[in-house]
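Shown next, in structure tokens, is the structure this report addresses.
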Amino acid sequence: MAAKGSHSYLKLEGEIERCRAECQWDRLPELMRQLLLPAASPPRKGAGDAQDSVDYGNLLLAEALLEQCLKENLAKIKDSIPLMEKNEPKMTEAKKYLTGILNRGKLLPKYMTEAVLILGKLHYVEGSYRDAVSMYARARIDDISIENEPLYRLRLVTEAFVIKGLSLERSPNSIASRARLSEREEEVVACFERACVIAQVYLQELEKTLHSRSIKGSNVTFSDFELPYFLEAALQSAYVSHLKKGNIVKGMRDLREVLRTVETKATQSFKMANRDAVISRAPDQKDDRAVSLQDASAVYDLLSITLGRRGQYVMLSECLERAMKFAFGEFHLWYQLALSMLACGKSAYAVSVLRECAKLRPADPMVPLLAAKVCIGPLHWLEEGERFAKMVIDLGEDAGEFLAKGYLALGLTYSLQATDATLKCSQDTLHKKALQTLERAHQLAPEDHQIILYVSLQLALVRQISDAIEHLQEALKLCKDDMNSLHLLALLFSAQKHYQHALDVINMALAEYPESFSLLFTKVKLERVHKGPEEALVTCRHMLHMWQMVYNFSQHSGSEKGSSVTEVPMIKKHNGMHLSLPDAHDNDSGSQRASSVAASRLEQAMSEVTMQNTALRQGPMQLWTTLEQIWLQAAELFMEQRHLKEAGFCIQEAASLFPTSHTVLYMRGRLAEMKGSLEEAKQLYDEALTVNPAGVEIMHSLGPILSRLGRRSLAQKVLRDAVQIQNTNHQAWNSLGEVLQAQGKNEAAVECFLTALDLESSSPVVPFTVIPREL
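The working numbering numbers the first residue of the sequence shown as 154 and each following residue consecutively.
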């Protein structure tokens, strides 16, 4: 029976501690009466008689009475109006109990300390600020440990520190010395800061406790917990005091810490939108669904703002994915999901979501236009992009200003399809359709410089150079500093063999966009043709320094975005921070063709396997591809100077990044060819062609090698494939003519030479396709 009584007493004591921690003061008097029953009260350790049990009960009753009094007079407490003892019988009774406990001194030291802390609070609310400070000095609150203490004790210590700070603030100022006054102000701030820290620990532990109890079936949740006045003051006083003194940074930092621990009341009603979602489609649930959806939209809008500012788009997309279970037919959340998918690089998923958005809002031209942009750009899904563009055009006048953009998207898909086409008749048909569609877009939006730029580019692709320059001048009048327009102008000048004019335009563009690798690669090509490889190598060295700067910047930005605590400011970089570059050996690196996309994905997969055994490289893959191309460009220039040792070093540097890259294999083949190792060169060209079967430059180099090895029929086939893939490559036509001449087919050879001469007269130093065709 004694063991049973002891167990009952411990259970009752635990319940009392829980009620004190959760501020359930109405239950304490009843629990106190149960505690004083003889069956429930075994002799307390260290007591000489039963008086300590009575005093312990009086302590609980005093605390409950005081807290009930404070709750009834909350408005006066907030306005710092002292409570009069004669008007507050509960406070009078609580004071009588506490004074008696302290006079008798029968309780254990920890309970005596609690009585002092509660009496200090009572002195504060009745306006006796000096007595309150005296009580806390008597309790030596600075030495009270909060480790492994029950929750209610954390609350008492928190309130003690904040009340001490408030009492010091409101005590009559009789200090004449500035130094002493400064010391008091520092002590006040120290009390507030200590109170804030302990309050946060208390609330975090309380949330864990309530959560574990809710799992076991309790109805009480943390969101139901009403924050007492002094706990609220403990959370606010520190940052408010800093802000009042002008310490804005410190105040904002403290405020952020508090907000991470305690949410505002405004968000409590809908913070668990996902949990409270109504997913039933029953008609009688319509109103509940509307409320649930409204709450969810508010939550996810706030999430989008918060996570977007920190660059945490992957986390945002995962949160929005979970919202889809109750977002049936809701355009806003679907569109938010699509945008988050785009931001974190999940382009294919984003297009699927945008397709659903288009079904939900078929009259909105922005949705299919955005989907077309993604299909044309990163995905290179041209047929899908064509369908989305036609959806915009089908809206007609209802599309408004977006109708011109719809024709632009359709024209770009035709242009890219022409680049991918292998049959000349298909290429010609698609080029014609692209030009007609782009001109229609120009008619609808005559002041849109982007549309005029792509009309000019399309004319350049079909080698109507003069007409292209005329249109481009019109685009530059509308937007003088557009990078792609200036780049295309330089290429058009180079096609007319006005190399100095082209260099002047490139230098003008680089003055505006100094970090554009696309412009820098074109400058290298122009300098090689116009001034020689020595001058071009100087630019290559500059590009290596520029790459290091860009790499350092990307690492710094990545480390900031990876932090979930630090709020990352949006860093506005100049539009010249491009990593799209002309591939030295792929004529479609600006707007990729389907074959080059497949080759790059294969290389990336192979490189990832290779890189598992090397040091991990940080940063985007495009950044390392840029570095590879810089080294290969330098190697090409060294080979032109017959500096084969230096060229080999550059190729080795590129191979250390991507050993299976078709561009690396191609350059190794060229180096072997220059050294006279024809069989080795052929093998390397074959390997490069295996990785990128549509590599025209690789075919152009492989054909003559096969001819020199006596395999002229195979050489002719390889070169015919090259001119079929890209019929504007004058070098491939010239090599085909040489092979046909060696076979004695002079008439066919003459036709090839004439075609090569005609194409060479309008050929730029870098293919026009280096200009990205994108919305």
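Idealized CB from N, CA, C, for every residue including glycine.
Residue span of the alpha helix (DSSP H) that contains residue i, given as start and end
i	result
residue 470	466-476
residue 669	Element bounds for residue 669: n/a, residue is neither H nor E.
residue 531	Counting along the chain, residue 531 falls outside any alpha helix (DSSP H), and DSSP gives it neither H nor E.
residue 616	Here residue 616 belongs to no alpha helix (DSSP H), and DSSP marks it neither H nor E.
residue 853	849-861
residue 506	500-513
residue 487	484-496
residue 581	577-597
residue 186	181-189
residue 177	Residue 177 -> no alpha helix (DSSP H), and no H or E assigned at all.
residue 906	899-913
residue 237	Residue 237 -> no alpha helix (DSSP H), and no H or E assigned at all.
residue 413	401-414
residue 887	883-895
residue 554	Note, residue 554: premise wrong, no alpha helix (DSSP H); not H, not E.
residue 839	831-844
residue 876	865-878
residue 262	262-278
residue 916	Looking at the DSSP string, residue 916 is not in any alpha helix (DSSP H), and its letter there is neither H nor E.
residue 649	Careful: residue 649 lies outside any alpha helix (DSSP H) and carries neither H nor E.
residue 230	227-231
Where residue i falls, given that 16 or more other Cβ within 10 Å makes a residue buried
i	result
residue 613	buried
residue 413	exposed
residue 814	buried
residue 611	buried
residue 916	buried
residue 691	exposed
residue 910	exposed
residue 331	exposed
residue 851	buried
residue 821	buried
residue 228	exposed
residue 210	buried
residue 769	Reliability fails at residue 769, whose pLDDT of 43 lies under 50, so the model's placement of it is uncertain and the value that follows must be treated cautiously. Exposed, because fewer than 16 other Cβ atoms sit within 10 Å of the Cβ of residue 769.
residue 345	buried
residue 272	buried
residue 471	exposed
residue 553	exposed
residue 761	Summary for residue 761: the model assigns pLDDT 48, below 50, so the residue's position carries little reliability, and this model does not support an answer.
residue 930	No answer is possible for residue 930: it lies beyond the span of the chain, which begins at 154 and ends at 928.
residue 559	buried
Expected contact under 8 Å - CB spacing of residue i and residue j to nearest Å
i	j	result
residue 292	residue 266	5 Å
residue 875	residue 849	5 Å
residue 857	residue 830	So it is not a contact: roughly 15 Å between Cβ atoms.
residue 415	residue 388	6 Å
residue 702	residue 673	Between residue 673 and residue 702 the Cβ distance is about 13 Å, and since that is not below 8 Å, they are no contact.
residue 304	residue 359	6 Å
residue 779	residue 670	5 Å
residue 188	residue 268	Actually they are not in contact, since the Cβ atoms of residue 188 and residue 268 sit about 16 Å apart, beyond 8 Å.
residue 386	residue 315	5 Å
Cβ-based neighbour list, residue i, same chain, cut-off 8 Å, excluding 5 preceding and 5 following
i	result
residue 562	522, 525, 526, 529, 538, 541, 542, 545, 928
residue 551	516, 518
residue 231	382
residue 662	636, 639, 640, 643, 669, 672
Own chain partners of residue i with C-beta closer than 7 Å, once the 5 adjacent residues on each side are dropped
i	result
residue 664	none
residue 340	321
residue 163	none
residue 627	605
residue 890	902, 905, 906, 909
Contact set for residue i: own chain, Cβ-Cβ below 6 Å, skip 5 residues either direction
i	result
residue 535	566, 569, 570
residue 586	567
residue 342	394
residue 799	791
residue 759	Because residue 759 sits at a pLDDT of 46, beneath the cut-off of 50, its placement in the model cannot be relied upon, and the following sentence gives the value as read from the coordinates. The answer, listed in chain order, is 813.
Inside the segment 790-821 only - alpha helix (DSSP H) runs reaching at least 4 residues: 797-810
Can you list the alpha helix (DSSP H) stretches of 4 or more residues lying completely in the segment 298-343, in chain order? 304-323
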